[in-house]
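Residue numbers (mature numbering (1 follows the signal peptide of the UniProt record, and there is no 0)): -18 to -1, 1 to 115.
Note that CB positions come from ideal geometry on N, CA and C, so glycine has one too.
Heads up: the structure comes next, in structure tokens.
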Amino acid sequence: MISSLVHVLTLLAVGALALDEEQAELARMVRENCVHEIGVDEGLLAKVDDGADLMPDPKLKCYLKCTMEMAGMISDGVVDVEAVLGLLPDDVKLRTTDIVRACDTQKGADDCDTAFLTQTCWQQANRADYIFI
């Protein structure tokens, strides 16, 4: 099994994102916490890391909600667009601000579904800059 750190580093390399060491460490911690809390299949995470579309798996949906909550991007089923933008590296923010604002909150049947639909909107709109933790 590939470690969570390798998953994050792979994500950074694929997305050509300039996250510093502190941001990479925080992403690793969020990922580990949410994997443990939700019990998501790490094989699903590896597939998304490798470029697959987000899958409508119930635990993956709740994993996305968990990561977004821990990062302060979603609360009570509402995405905080400014918080999302504040977490992005400047170069990525320049390319994705319009997308994040346009996607806003994609309301689902519950908060897990909302996180999934919102992240699916981001991923489909700009796969090159999509950040998956």
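Determine whether the beta carbon atoms of VAL82 and TRP104 lie at a separation below 8 Å.
Position 100 of the sequence shown, counted from the first residue, corresponds to residue 82. Position 122 of the sequence shown, counted from the first residue, corresponds to residue 104. Taking 8 Å as the cut-off, the Cβ atoms of VAL82 and TRP104 count as close.
Ignoring anything shorter than 4 residues, give me the alpha helix (DSSP H) runs that lie fully in the stretch 5 to 54, in order along the chain.
Counting only runs of at least 4 residues, the stretch 5 to 54 fully encloses the following alpha helix (DSSP H) elements, listed from N- to C-terminal order: 24 to 31 and 40 to 52.
Reduced DSSP category for ILE56 - H, G, I as helix; E, B as strand; rest coil
Residue numbering aside, residue 56 sits at position 74 when the sequence shown is read from its first letter. In the structure shown, the three-state DSSP call for ILE56 is strand.
Compute the beta-carbon to beta-carbon distance between LEU70 and GLN88, rounded to the nearest angstrom, for a pair I have assumed lies under 8 Å.
Within the sequence shown, numbered from 1, the residue matching residue 70 stands at position 88. Within the sequence shown, numbered from 1, the residue matching residue 88 stands at position 106. So it is not a contact: roughly 18 Å between Cβ atoms.
Nearest to GLY59 (by Cα), restricted to the options THR79, LEU67, VAL66 and ALA91:
Here the question's residue 59 lines up with position 77 in the sequence shown. Comparing Cα positions, the closest option is ALA91.
Label GLY68 either buried or exposed according to how many other C-beta atoms from any shown protein chain fall within 10 Å of its C-beta, with 16 as the threshold for buried.
For this step, residue 68 is matched to residue 86 along the sequence shown. Per the 10 Å Cβ criterion, exposed.
Among all the DSSP beta bridges, which residues are the ones paired with VAL61?
Counting from one through the sequence shown, the residue named residue 61 turns up at place 79. Answer is ILE56, bridged to VAL61.
Determine the closest residue to THR96 out of ASP111, PHE114 and TYR45, with distance taken between C-alpha atoms.
What you label residue 96 is simply residue 114 of the sequence shown in a count that begins at 1. Nearest neighbour of THR96 by Cα position, chosen from ASP111, PHE114 and TYR45, turns out to be TYR45.
Where the alpha helix (DSSP H) containing LEU99 begins and where it ends:
Along the sequence shown, one-based indexing puts residue 99 at 117. LEU99 -> alpha helix (DSSP H) spans 93 to 107.
Between ASP111, ASP2, THR49 and GLN101, which lies nearest to CYS16 when the distance is taken from Cα to Cα?
Start at 1 with the first residue of the sequence shown, and residue 16 comes out as number 34. Looking from the CA of CYS16, the closest CA among ASP111, ASP2, THR49 and GLN101 belongs to THR49.
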